[in-house]
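Written below as structure tokens is the structure these notes are about.
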């Protein structure tokens, strides 16, 4: 499992602290993907269980501020690539500029 939703995330405190908690460069989106990547870099596993049932009311932030949410998503996406895939970040930025999304 690459990542699980931050809406329902259980992690040992020592692992969360070692991973650096949630990176403040990520606002609204991608913070859970980044956090799980940091956990995996520590040699830990990200697991998922279908036994637990969680209700996450998705889309509430996006529906109230769609343009701001879209921009936050793109900024987080770029920040993730700058942090974890720096060689690909310029290509992503170019692609998003060509699409008019950056």
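Numbering (the numbering used here), first residue to last: 139 to 240.
From the three backbone atoms N, C-alpha and C, an ideal C-beta is built for every residue, glycine too.
Remember, predicted model here, so these are calculated numbers, not experimental data.
- Annotation: residue 192 is outside any alpha helix (DSSP H) and is labelled neither H nor E by DSSP.
- In this chain, the alpha helix (DSSP H) harbouring residue 218 covers 204-222.
- By the beta-carbon neighbour count (other beta carbons within 10 angstroms, threshold 16), residue 142 is buried.
- Residue 210 and residue 176 have their C-alpha atoms roughly 21 Å apart.
- DSSP places residue 157 in the uninterrupted alpha helix (DSSP H) bounded by 151-157.
- In this structure the stretch 164-175 lies against the stretch 212-223, because at least three pairs of beta carbons, one per stretch, are closer than 8 Å.
- Taking a C-beta distance under 9 Å as the contact criterion, residue 201 and residue 166 do not qualify as a contact pair.
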